[in-house]
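First residue of the sequence shown? That's -14 in our numbering, and the numbers climb one at a time after it. For glycine and all other residues, C-beta sits at the position ideal for the given N, C-alpha and C.
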Amino acid sequence: MITLNKIDGQLVTKNLEFMCLSTDVDSLPTDNVPNGSNAFLMDTNEVIFFDEENGTWLV
-14 MITLNKIDGQ LVTKNLEFMC LSTDVDSLPT DNVPNGSNAF LMDTNEVIFF DEENGTWLV
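And the structure:
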């Protein structure tokens, strides 16, 4: 398994995990959210990720 959060076994950043509905994506926080954090959309069974560079959640 490859993870982008570990370098030589050391945890580099912490990710946040959210569970919400697809209608709530616009209300997910964008301030101080680490890159690669994820949100599970319970009604569509999708996982979306946060892009810190653009400050957006990628659907």
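**Q.** Neighbourhood of valine 32 by C-beta, 8 Å cutoff - its chain only, sequence neighbours within 5 removed
**A.** Your numbering for residue 32 matches position 47 in the sequence shown. Answer for valine 32: Asn23, Ala24, Phe25 and Leu26, listed in chain order.
Q.
Within the continuous beta strand (DSSP E) that includes leucine 43, where are the two ends?
A. Position 58 of the sequence shown, counted from the first residue, corresponds to residue 43. Per DSSP, leucine 43 belongs to the beta strand (DSSP E) from 41 to 43.
Q: Going by DSSP, name the residue or residues bridged to asparagine 23.
A: Counting from 1 along the sequence shown, the entry for residue 23 is found at position 38. Asparagine 23 pairs with Glu2 and Phe34.
(Q) Taking only three categories from DSSP, how would you classify aspartate 28? (A) On the sequence shown, position 43 is the one that residue 28 refers to. Correct three-state label for aspartate 28: coil.
**Q.** Residue nearest to phenylalanine 35 in terms of C-alpha spacing, selected from Thr8, Leu6 and Asn17
**A.** Translated into the one-based positions of the sequence shown, residue 35 becomes position 50. Considering only alpha carbons, the answer is Asn17.
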